[in-house]
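Numbering (the working numbering), first residue to last: 186 to 440.
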Amino acid sequence: MSSPLPQLFTPTLLQYLRKHPQLPKNTWYFIAAVTVTILNRPDEIPTIYRYALEHVTFEAPDEQAKLNEELRVLRRTREALLKTSAVAGAPKVINACRALKDSTPQHLQDVDLDKSTTGRGADISEVSSSQVLQRGQNFFDKVYGKISGRVTRMMNSSGTQDLDLIAKLMYGFILSNESILVQAETSYVLIAALIPQDCPAQLKGHLKGAMNFGATQEEVRAVREVVIRICEGAGMKRLDGSVGFGWQGEIPDVW
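#1: Specify, as a first and last residue, the run of the alpha helix (DSSP H) that W213 falls within.
#2: Between which two residues does the alpha helix (DSSP H) harbouring L293 extend?
#3: Taking P381 as the reference, give the member of E404, D349, V367, I436 with the closest Cα.
#4: Should the region 345 to 355 be regarded as contacting the region 187 to 204, the criterion being three or more beta carbon pairs within less than 8 Å?
#5: Starting from I359, trace the alpha helix (DSSP H) both ways and give me its first and last residue.
#6: Given a cut-off of 8 Å on the beta-carbon distance, is the pair T302 and S364 in contact?
#7: Check whether the Cβ atoms of I317 and D308 lie closer than 8 Å to each other.
#8: What is the rounded straight-line gap between the Cα of S342 and the Cα of H391?
#9: Taking 8 Å as the threshold, find out whether the region 322 to 336 comes into contact with the region 228 to 242 through three or more Cβ pairs.
#10: For R263, name the three-state secondary structure that DSSP assigns.
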C-alpha cells in the first residue's frame with residue numbers, strides 16, 4: 186500500500202496566501218487551486234476551498250451577503266479550473282472540478298444545479314462563432330501586444346497551422362469569457378498553470394499579458410511568488426543531475 190501524500194497546505198501557508206499584501210484581492214484561493222491542479226494534487230483543493238469559505242463566514246455582515254460571497258468563491262474557483270484546461274488539457278481539470286464539487290456544501294450546489302453561470306452555452310448555441318472567435322482574437326492581441334502577429338506566425342511555422350486553430354478556439358470559447366474572471370485574473374490563472382509545467386517561453390508572455398490587462402508589476406510578481414512557493418512545497422526545485430522533478434532553468438520574472 187502506498188503512503189499518503191504529505192499535506193501541502195498548512196494553516197501557516199494558507200494564512201500567508203490569504204494575507205499576502207501584494208497579491209490581488211480575492212485571487213489567492215483560485216491561484217492555489219490551479220497550481221495544485223497542475224501538480225496533480227486535487228486532493229488539496231478541499232483544504233483551500235474550505236479555508237476560503239471559513240473566512241467568508243467570519244467577514245460577511247449578514248446571511249445574504251454570506252451566501253453571495255460563498256457563491257462567488259465557488260464560481261471563481263471553478264472558472265479558474267475551467268480556464269486552466271486551455272494550457273493543461275482536460276484530465277487534471279476534470280479531477281480538480283470533481284474534488285471541488287465533492288467539497289462544496291449542498292446549499293451551494295443546489296443554487297447552481299443544472300445551470301451555467303458563464304454563458305458559454307450561449308456562445309455555442311446563440312452567438313455566431315465569428316463573434317466569439319473575434320472576442321478571442323482581441324484577448325490574444327491584448328495579451329501579446331505588438332508581438333501578437335509574431336506569436337501567431339511562430340505557431341503557424343511549427344509544422345502545422347492547426348496550432349493557431351487550437352489557440353483561436355481556446356482564446357475564443359474558453360479564455361476570453363469574462364462572466365466570472367476578468368482579463369487580468371485570467372492571466373493569473375495562466376501564470377499559475379504554466380509555472381508548474383516549466384513552460385518559460387509561454388510564461389513570459391502571460392506575465393507581460395497580465396500587466397497589459399492592468400495588473401501592476403508588484404501584483405504579477407506576487408502571483409509568481411506564491412505559485413513558486415506552492416510548487417516548492419510539493420517538491421519542485423531547480424533541476425540538476427540528482428533531481429527529476431522541477432525547473433530546467435530560471436523561472437521568468439516580470440521585467
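Here a beta-carbon is modelled for each residue, glycine too, at the ideal position from N, C-alpha and C.
These numbers were taken from a predicted model, which means no experiment stands behind them.
For this structure:
#1: Translated into the one-based positions of the sequence shown, residue 213 becomes position 28. Segment 213 to 223, the alpha helix (DSSP H) holding W213.
#2: Here residue 293 corresponds to residue number 108 of the sequence shown, with the count starting at 1. Per DSSP, L293 belongs to the alpha helix (DSSP H) from 291 to 296.
#3: Position 196 of the sequence shown holds residue 381. Per the Cα distances, I436.
#4: no
#5: As a working mapping, residue 359 is identified with position 174 in the sequence shown. From DSSP, I359 is part of no alpha helix (DSSP H); its letter is neither H nor E.
#6: Reading the sequence shown from its first residue, position 117 is the one you call residue 302. Reading the sequence shown from its first residue, position 179 is the one you call residue 364. Yes, the pair counts as a contact, with Cβ atoms nearer than the cut-off.
#7: Counted from its first residue, the sequence shown places residue 317 at position 132. Counted from its first residue, the sequence shown places residue 308 at position 123. Here residue 317 turns out to be Val, not Ile, going by the sequence shown. Going by C-beta atoms, V317 is nearer than 8 Å to D308.
#8: Taking the sequence shown and counting its residues from 1, the one referred to as residue 342 is at position 157. Taking the sequence shown and counting its residues from 1, the one referred to as residue 391 is at position 206. Distance between the alpha carbons of S342 and H391: 21 Å.
#9: no
#10: Here residue 263 refers to the residue found at position 78 of the sequence shown. Here R263 sits in helix by DSSP.
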